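Numbers 53 to 419, taken from my numbering, label the letters of the sequence shown in order.
Think of the CB as a built atom: it goes at the ideal place given N, C-alpha and C, for glycine as much as any other residue.
Just so you know, these numbers come straight off a predicted model, no measurement behind them.
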Amino acid sequence: MQRRDYYEILGVERNVDESSLKRAYRTLAMRYHPDRNPGDAECVARMKELNEAYAVLCDSDKRRVYDLYGHDGLSGYSQSDIFGGIDFSTLFRDFGLGGFGFGSGIFDNLFGTGRTSTRARPKASDLRYNLELTLEEAATGVERVLEFPRRRTCSSCRGSGAKEGALHTCERCDGSGQAIREHRSGIGVFRQISVCGQCRGSGRIVSEHCSLCEGKGMLEEAHEVTAAIPAGVDTGHTLRLEGQGEPGDGDITPGDLYVVVSVMTHAVFERHGEDLYMQKDIGIAEAALGATLSVPSLDGECKLEVSEGTQHGTLIRLKGKGMPRLGSKHRGDLYVVARVAVPTRLTREQRDVLQQFQRLGHEGSSH
Ligand SMILES: [Zn+2]
Ligand SMILES: [Zn+2]
């Protein structure tokens, strides 16, 4: 299936800001919302497309991934990763239209990957963990204990959210979750299908909530997992920890945990791939005469040879003092940018010497 560009779906420019994005989404959503177009399959399809596009673009992380890698970049995300952060109900409340949760059909999977196809075993949600590392940690690799809450199906109500014996089949829709209306006209009978208003499509009515989970059907629990982050990781790299997402149950395979790395900016070093850059102030005498100086590196202080006549802005390369390449023994380089610092305060003696230098310099240049 040819996937349409998210920006195109919403009819916005690629540099659209958050509020214009929301406005564009609302305008289109109002047009295609199934509450306004009951029984129109075309509108449901458009609405799904809009929801997906908006869910990705309104989240700066997902939007960055999409901008960089397109649809492929998001193939590792599950539905709940994509839609998890958005409360669609509040987006529509102002307009008197219903919001949609999972299972309403509006969020049916558009990600046509094998993993989520109907033939695949049902799988619990994948989870995402944002891990911030220092540059030093990214350079050496690090083991981190990640702590995060996971949701598990409530053991008391087995996920129904109802107290024992308090779950009934919806009488209005007879458990189908659908409201069907028939219209007769001269041409024939039209069937209009929408979500049952009594049970909101679940087909079941809970008369008393489960006391353990308060009707949510899920319980939150703290979970710990140790992640080994390899040396050389960079911002945007993602580590998949199989089976560490939401727990499975019986037939349901546990979800995966996606650890998304971001490397913090460093006070001294600026990273460009596997190379590092830093600036070093060099005195005018050292720049002119040459000197051996000391600069910080990821391996501690190291020697910097400044050659005679070094100009401001010169790049001095320290081979192999950069970041390690992921999965390899190779290391990038450290580039030191020479900043020739002109003194702003001089002692009388320094002034005398410089004035003497100036006279000599003039003599030198007059040759
Ligand atoms: Zn429960
Ligand atoms: Zn119903």
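Does the distance from the CB of residue i to the CB of residue j come in under 7 Å?
i, j, result
"C222", "G255", "yes"
"I232", "R224", "no"
"V464", "K371", "In the structure as shown, the chain begins at 53 and stops at 419. Residue 464 is therefore absent and cannot be evaluated."
"G374", "S177", "no"
"A343", "V358", "yes"
"Q296", "V277", "yes"
"G213", "C262", "yes"
"R203", "E294", "no"
"R196", "A279", "yes"
"K175", "T317", "no"
"L291", "S208", "no"
Taking 6 Å as the cut-off, is the C-beta of residue i nearer than that to any heavy atom in ligand 1?
i, result
"L264", "yes"
"S254", "no"
"S259", "no"
"C209", "yes"
"C206", "yes"
Please state the DSSP three-state secondary structure of residue i.
i, result
"S263", "coil"
"R98", "helix"
"Y121", "helix"
"L179", "strand"
"L293", "strand"
"S343", "Correcting the residue type first, residue 343 is Ala in the shown sequence and not Ser. Three-state DSSP puts A343 in a strand."
"S112", "helix"
"R78", "helix"
"R55", "coil"
"I134", "helix"
"V68", "coil"
"Q363", "coil"
"V405", "helix"
"A319", "coil"
"T168", "The predicted position of T168 is uncertain, since its pLDDT is 39 and thus under 50; a value taken from the coordinates is nonetheless stated next. Note: T168 maps to helix in three-state DSSP."
"A218", "coil"
"R196", "strand"
"L356", "strand"
"G413", "helix"
"L328", "strand"
"L271", "strand"
"L350", "coil"
"E234", "strand"
"L73", "helix"
"Y129", "coil"
Which same chain residues, not among the five before or five after residue i, have their C-beta less than 8 Å away from its C-beta?
i, result
"G63", "A76 and L80"
"L102", "I61, L62, Y77, L80, A81 and Y84"
"E353", "S346 and V347"
"L406", "L398"
"C248", "C222, R224, C225, S228, G229, Q230, A231 and G255"
"G379", "P282 and G284"
"I336", "V392, A393, V394 and P395"
"M270", "R203, R204, T205, C206 and G211"
May I ask whether a heavy atom of ligand 2 can be found less than 6 Å away from the beta carbon of residue i?
i, result
"R224", "yes"
"C248", "yes"
"C251", "yes"
Closer than 6 Å by C-beta to residue i: which residues in its own chain qualify, once you throw out the five before and the five after it? Chain order, please.
i, result
"I281", "G193 and V194"
"P90", "Q244 and S246"
"L350", "A191"
"K215", "E260 and C262"
"E322", "Y329"
Give the straight-line distance between the Cα atoms of residue i and residue j, rounded to the nearest whole angstrom.
i, j, result
"D87", "G384", "57 Å"
"A218", "G300", "25 Å"
"V311", "D303", "25 Å"
"F409", "A390", "23 Å"
"E94", "E234", "19 Å"
"S71", "H289", "29 Å"
"L356", "L183", "34 Å"
"R115", "G325", "21 Å"
"P201", "S237", "55 Å"
"L367", "V315", "25 Å"
"A393", "R403", "16 Å"
"L109", "Q230", "31 Å"
"I334", "T396", "14 Å"
"C206", "V258", "15 Å"
"E65", "R180", "28 Å"
"Q363", "A340", "8 Å"
"G125", "Y118", "6 Å"
"G122", "H220", "45 Å"
"D113", "I239", "51 Å"
"E401", "L412", "17 Å"
"Y58", "K74", "13 Å"
"R56", "A105", "9 Å"
Closest Cβ-Cβ distance between residue i and chain C: below 7 Å?
i, result
"P376", "No chain C appears in the structure shown, which is made up of a single protein chain."
For residue i, collect the residues of the same chain with a Cβ closer than 7 Å to its Cβ; drop the 5 residues on either side in sequence, then sort them by chain order.
i, result
"G361", "A340"
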